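Worksheet: the structure to be examined is printed underneath.
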Amino acid sequence: MRCCQPAYQTPDGFNDLPFVYVFDADALVDGADVRNLAVPVGGLDHDFYLRKIGGGTNVVAAAPGRISLRDPLGFALSSAPLYRAAYDDAGVVPELYYPNNSIIGLDLVSVLRRNNTVGINISYASQMAFWGVRRRRGERNDQSSYRWEGKQYIYTQQFTFDAGFISSPVPRRVIVAVQNRDFDLHALRVFDVATGAFPVLPFFKLTLYDRFEEGLASAPVLVEQLCENSPVATGSAFVPALYYPAGSQIRLDITSLYWAAQLPITVEIEFVGVERMAR
Amino acid sequence: MNLAQAINPFAPPAVEGIGQQDAGFIDVDYTYTYDVTTLVGVSLRDQQVPISQDADFYLRAVHYSQQAGFVGAFNYRLADAQGYQMSSGMITNGNLSNSAARPTVVFPEHMFPAGSRIIIDFDNVAGVEIRTQICFKGVKRYRLRK
Chain W
5 MRCCQPAYQT PDGFNDLPFV YVFDADALVD GADVRNLAVP VGGLDHDFYL RKIGGGTNVV
65 AAAPGRISLR DPLGFALSSA PLYRAAYDDA GVVPELYYPN NSIIGLDLVS VLRRNNTVGI
125 NISYASQMAF WGVRRRRGER NDQSSYRWEG KQYIYTQQFT FDAGFISSPV PRRVIVAVQN
185 RDFDLHALRV FDVATGAFPV LPFFKLTLYD RFEEGLASAP VLVEQLCENS PVATGSAFVP
245 ALYYPAGSQI RLDITSLYWA AQLPITVEIE FVGVERMAR
Chain U
178 MNLAQAINPF APPAVEGIGQ QDAGFIDVDY TYTYDVTTLV GVSLRDQQVP ISQDADFYLR
238 AVHYSQQAGF VGAFNYRLAD AQGYQMSSGM ITNGNLSNSA ARPTVVFPEH MFPAGSRIII
298 DFDNVAGVEI RTQICFKGVK RYRLRK
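Chains W and U, in that order, give the protein sequences.
Residue numbers 5 to 283, in the working numbering, belong to the letters of the first sequence in order.
Residue numbers 178 to 323, in the working numbering, belong to the letters of the second sequence in order.
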């Protein structure tokens, strides 16, 4: 990386959408060494540029547990498998290009699935997150119809995990109406209302949707991998920012991994960004 | 101004996107590792991490991890492919990052030619057996034919 280089810009004729591909290790067996796993990335109409990797500590044991990743040609990204901490919140510089319909190759040594166990009930929070952008041909019209200048704005929404919302693949939906002015979403934050801090037991997943209701992840993402105030995945922010015109909605699906004994929990979700103030 | 293309102040540079910079080259993110198990009081000199022959390696950052149960202090010193040391003395691990998100930066980047090696001196000063992985993070630079 050169000193003082200009900010990255999407090439002309293309548009980028922030996206997270996830690998869920729920189906693996603890203690196993698993080779040649594949995380499908890209699709028929887009390529993927990998920029950040997180969640290494969620899928393998502390050393000797190790992780090895491969590029789209099958070449390893390291000279030897790395301890799991090396893939906790690790940047990829420069961004790594994965063409459409390629895979991120993955080997795991000494699998240990992070889990939420209460009595005989167990749910898994065993997931790696691969952050980057989907790049498609064509332009996305993120231009406002008025002259504007930006002002920071935060939409807030409280959500309660009641006793009935225990671990289940069926999500509940949070909808935030974007009122009055166009809004650019930069990041999410989540706070436990009882403590004012990031949840001590962050056992739930989020799926965020853009203004066209296109999901921004291949599967629900652990909250600690998606939130800017997470203690384990700093700098989780949306690049480019997500544009929501006035009158649209920000839709967020929440998937619980909690069990009844841990509930109720009330969280406040902050949608942090910039309002486009008319001038 | 298209604010959506402006810098997101919450995003680190990697998430903002750092693309290919130089015409005539392709850089690929890569990490070389040095794995070592040392007993009490062991000092290792001129250990070598071979650089593969397919590309030059530009070292940009260093960080380390240790195996649970085998954690302890160590001193280290690096030398480049020509044998020139990169510090005036041994450096304690307290001055080396153990975070992949915030590794210890090597600035400016240091080039190790293809086929060369990173040279390491390593002292176990922990008083116990330690198992350490030092990660040398940077890019492999592949030259493109004109």
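We put the beta carbon where it would ideally sit given N, CA and C, even for glycine.
Please read all numbers here as calculations on a predicted model, not as lab measurements.
**Report entry** Inter-residue Cα distance where the pair is residue 313 of chain U and residue 81 of chain W
**Finding:** Here the question's residue 313 of chain U lines up with position 136 in the second sequence. Here the question's residue 81 of chain W lines up with position 77 in the first sequence. Between residue 313 of chain U and residue 81 of chain W, the C-alpha separation is close to 12 Å.
Report task. Please go through the same chain and pick out, in chain order, the residues whose beta-carbon is closer than 7 Å to the beta-carbon of residue 321 of chain U, but skip the five residues on each side of it. Result -> Position 144 of the second sequence, counted from the start, is the residue given in the question as residue 321 of chain U. So the qualifying residues of the chain are 201, 202, 203.
Query raised in the report: What distance in whole Å lies between the Cβ atoms of residue 122 of chain W and residue 263 of chain W, which are believed to be in contact at a cut-off of 8 Å?
Result: In the first sequence, the residue the question calls residue 263 of chain W occupies position 259. In the first sequence, the residue the question calls residue 122 of chain W occupies position 118. Rounded to whole angstroms, the Cβ separation of residue 263 of chain W and residue 122 of chain W is 4 Å, and the two are in contact under 8 Å.
Requested in this report: Can you say whether residue 99 of chain W is buried or exposed, counting buried as having 16 or more other CB atoms within 10 angstroms of its CB?
Outcome: Along the first sequence, read from residue 1 onward, the residue named residue 99 of chain W stands at position 95. Per the 10 Å Cβ criterion, buried.
Query raised in the report: Tell me which same chain residues have a C-beta within less than 7 Å of the C-beta of residue 307 of chain U, skipping the five on either side of it?
Result: Taking the second sequence and counting its residues from 1, the one referred to as residue 307 of chain U is at position 130. Scanning its chain for C-beta atoms nearer than 7 Å, with the 5 sequence neighbours on each side dropped, one finds around residue 307 of chain U the residues 215, 243, 247, 248, 249, 251, 301, in chain order.
Report task. Would you mind working out which of W/266, W/274, W/48, W/60 sits nearest residue 163 of chain W, comparing C-alpha positions? Result -> Along the first sequence, read from residue 1 onward, the residue named residue 163 of chain W stands at position 159. Per the Cα distances, W/274.
Report task. Check whether the region 11-18 of chain W touches the region 134-142 of chain W, counting contact only when three or more Cβ pairs, one atom from each stretch, lie closer than 8 Å. Result -> Verdict: yes, contact present.
Requested in this report: Note down, one range per segment and in chain order, each beta strand (DSSP E) of at least 3 residues found wholly within the region 18-62 of chain W.
Outcome: Inside the region 18-62 of chain W, DSSP marks whole beta strand (DSSP E) runs of 3 or more residues at positions 18-28, 38-45, 51-58, from first to last along the chain.
**Report entry** Contact belief for residue 236 of chain U with residue 289 of chain U at Cβ below 8 Å, rounded distance in angstroms
**Finding:** Numbered from its first residue, the second sequence carries residue 236 of chain U at position 59. Numbered from its first residue, the second sequence carries residue 289 of chain U at position 112. By a beta-carbon distance limit of 8 Å, residue 236 of chain U contacts residue 289 of chain U. Their separation comes to about 6 Å.
Query raised in the report: Taking Cβ-Cβ distances below 8 Å as the criterion, which residues of the region 191-221 of chain U are in contact with chain W?
Result: Taking a C-beta cut-off of 8 Å against chain W, the contacting residues of the region 191-221 of chain U are 191, 192, 193, 194, 195, 196, 197, 198, 204, 205, 206, 207, 208, 209, 210, 212, listed in chain order.
Query raised in the report: Which stretch, first to last residue, makes up the beta strand (DSSP E) that contains residue 122 of chain W?
Result: Here residue 122 of chain W corresponds to residue number 118 of the first sequence, with the count starting at 1. Where residue 122 of chain W is concerned, the enclosing beta strand (DSSP E) stretches over 119-122.
Query - Sequence-distant residues of the same chain with beta carbon closer than 8 Å to residue 270 of chain W, five excluded per side - result: As a first step, residue 270 of chain W is located in the first sequence; it is residue number 266 there, counting from the start. Once the five neighbours on either side are set aside, the close Cβ partners of residue 270 of chain W are 162, 163, 164, 165, 196, 197, 198.
Query raised in the report: Going along chain W, which residues have a C-beta under 9 Å from residue 251 of chain U?
Result: The sequence position of residue 251 of chain U within the second sequence is 74, counting from 1. Those within 9 Å of residue 251 of chain U in chain W number zero; the least Cβ separation is about 15 Å.
Requested in this report: Would you kindly work out how many angstroms separate the C-alpha atoms of residue 75 of chain W and residue 44 of chain W, rounded to a whole number?
Outcome: Taking the first residue of the first sequence as position 1, residue 75 of chain W is located at position 71. Taking the first residue of the first sequence as position 1, residue 44 of chain W is located at position 40. Roughly 12 Å separates the two Cα atoms.
Query raised in the report: Can the beta-carbon of residue 23 of chain W be found closer than 8 Å to that of residue 212 of chain W?
Result: Here residue 23 of chain W refers to the residue found at position 19 when the first sequence is read from its first residue. Here residue 212 of chain W refers to the residue found at position 208 when the first sequence is read from its first residue. Contact flag unset, no.
Query raised in the report: Measuring CA to CA, which of U/270, U/293, U/291 is closest to residue 240 of chain U?
Result: As a position in the second sequence, residue 240 of chain U is number 63, starting the count at 1. Taking residue 240 of chain U as reference, the option from U/270, U/293, U/291 with the minimal CA-CA separation is U/270.
Query raised in the report: Are the C-beta atoms of residue 270 of chain U and some chain W residue less than 8 Å apart?
Result: By one-based count along the second sequence, residue 270 of chain U stands at place 93. Chain W contact via Cβ: absent.
Requested in this report: Figure out for me which residue from U/266, U/310, U/254, U/187 has the closest Cα to the Cα of residue 223 of chain U.
Outcome: Counting from one through the second sequence, the residue named residue 223 of chain U turns up at place 46. For the residues U/266, U/310, U/254, U/187, the minimum Cα distance to residue 223 of chain U belongs to U/254.
Query raised in the report: Is residue 98 of chain W helix, strand or coil by DSSP?
Result: In the first sequence, the residue the question calls residue 98 of chain W occupies position 94. Of the three classes helix, strand and coil, the one that applies to residue 98 of chain W here is strand, per DSSP.
Query raised in the report: Given residue 56 of chain W, which residues of its chain have a CB within under 6 Å of its CB, disregarding the five upstream and five downstream residues?
Result: For the purposes of this step, residue 56 of chain W is taken as the residue at position 52 of the first sequence. So the list reads 95, 135, once near-sequence residues are dropped.
Report task. Flag this pair as touching only if the region 183-194 of chain U and the region 237-244 of chain W have three or more C-beta atom pairs under 8 Å; answer yes or no. Result -> With the cut-off at 8 Å, the region 183-194 of chain U and the region 237-244 of chain W touch.
Requested in this report: May I ask you to report which of helix, strand or coil DSSP gives residue 70 of chain W?
Outcome: For the purposes of this step, residue 70 of chain W is taken as the residue at position 66 of the first sequence. The answer is strand: DSSP assigns residue 70 of chain W an E or B state.
**Report entry** C-alpha gap between residue 292 of chain W and residue 276 of chain U, whole angstroms
**Finding:** The displayed coordinates of chain W run from 5 to 283. Any statement about residue 292 of chain W would go beyond what the structure contains.
Requested in this report: Would you tell me roughly how many angstroms separate the C-alpha atoms of residue 6 of chain W and residue 284 of chain U, rounded to the nearest one?
Outcome: Residue 6 of chain W sits at position 2 when you count from the first residue of the first sequence. Residue 284 of chain U sits at position 107 when you count from the first residue of the second sequence. Low confidence applies here, because residue 6 of chain W scores a pLDDT of 42, under 50, leaving its location unreliable and the question unanswered by this model.
Report task. Check distances from the C-beta atoms of the region 21-55 of chain W to those of chain U and list, in chain order, the residues that come in under 8 Å. Result -> Those would be 53, 55, in chain order.
Query raised in the report: Is the Cβ-Cβ distance between residue 183 of chain W and residue 250 of chain W less than 8 Å?
Result: As a working note, residue 183 of chain W is residue 179 in the first sequence. As a working note, residue 250 of chain W is residue 246 in the first sequence. One thing to note: residue 183 of chain W has its Cβ within 8 Å of the Cβ of residue 250 of chain W.
Query raised in the report: What in chain U is Cβ-close to residue 238 of chain W, meaning under 8 Å?
Result: Residue 238 of chain W sits at position 234 when you count from the first residue of the first sequence. Those within 8 Å of residue 238 of chain W in chain U are 189, 278.
Report task. For residue 218 of chain W, count neighbouring Cβ atoms within 10 angstroms of its own Cβ and tell me buried if that reaches 16, exposed if not. Result -> Here residue 218 of chain W refers to the residue found at position 214 when the first sequence is read from its first residue. Exposed, by the Cβ-count rule.
Query raised in the report: If you count every other CB in all the chains shown that lies within 10 Å of the CB of residue 79 of chain W, and 16 or more means buried, which is it?
Result: Along the first sequence, read from residue 1 onward, the residue named residue 79 of chain W stands at position 75. Its Cβ having fewer than 16 others within 10 Å, residue 79 of chain W is exposed.
Query raised in the report: According to DSSP, which residues form a beta bridge with residue 205 of chain U?
Result: Against the second sequence, residue 205 of chain U aligns to sequence position 28. For residue 205 of chain U, DSSP records a beta bridge to U/317.
Report task. Determine whether the Cβ of residue 185 of chain U lies closer than 8 Å to any Cβ atom of chain W. Result -> Residue mapping note: residue 185 of chain U aligns to position 8 of the second sequence, counting from 1. It does: the Cβ of residue 185 of chain U has a partner Cβ on chain W nearer than 8 Å.
Query raised in the report: What residue range is occupied by the uninterrupted beta strand (DSSP E) comprising residue 190 of chain U?
Result: Along the second sequence, one-based indexing puts residue 190 of chain U at 13. For residue 190 of chain U, no beta strand (DSSP E) encloses it; the enclosing alpha helix (DSSP H) starts and ends at 190-193.
Report task. Confirm, please, whether the CB-CB distance from residue 58 of chain W to residue 52 of chain W is below 8 Å. Result -> The residue you call residue 52 of chain W lines up with position 48 of the first sequence. The residue you call residue 58 of chain W lines up with position 54 of the first sequence. Taking the C-beta atoms as reference points, residue 58 of chain W is found no nearer than 8 Å to residue 52 of chain W.
Query raised in the report: Exposed or buried, what is residue 323 of chain U when buried is set at 16 or more other beta-carbons lying within 10 Å of its beta-carbon?
Result: If you number the second sequence from 1, residue 323 of chain U lands on position 146. Label assigned to residue 323 of chain U: exposed.
Report task. Determine the closest residue to residue 133 of chain W out of W/167, W/226, W/89, W/278, with distance taken between C-alpha atoms. Result -> Residue mapping note: residue 133 of chain W aligns to position 129 of the first sequence, counting from 1. Taking only the C-alpha atoms, the option nearest residue 133 of chain W is W/226.
Query raised in the report: Which residue comes first and which comes last in the beta strand (DSSP E) that contains residue 220 of chain W?
Result: One-based indexing of the first sequence puts residue 220 of chain W at position 216. For residue 220 of chain W, there is no enclosing beta strand (DSSP E), as DSSP gives it neither H nor E.
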